[in-house]
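Residue numbers (the working numbering): 1 to 57.
Each residue gets a CB set at the ideal place from its N, CA and C atoms; glycine is no exception.
Since we're looking at a predicted model, the values are computed, not measured.
The structure under discussion appears below in the form of structure tokens.
The following block contains the structure:
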């Protein structure tokens, strides 16, 4: 898999897509604790970081 070092937004989007796919697979096999943990990781990834705020440099 190619890493998009020059475009971190692309890398984050790919990671998010893979996390959501893994979450669906885990739900299929009733791994609820793992699904919950992965959802927390997804929420963390989606949370706005201070360095992403408008005007941050």
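Query	Result
DSSP state of residue 35 mapped onto helix, strand, coil	helix
Short Cβ contact (8 Å threshold) for residue 39 with residue 21	no
Closest residue to residue 19 among 35, 49, 47, 48 (Cα-Cα distance)	35
For residue 41 and residue 123, the rounded distance between their alpha carbons	One cannot answer for residue 123 here, as it falls past the ends of the chain, which runs 1 to 57.
Helix, strand or coil at residue 10 [DSSP, three-state]	helix
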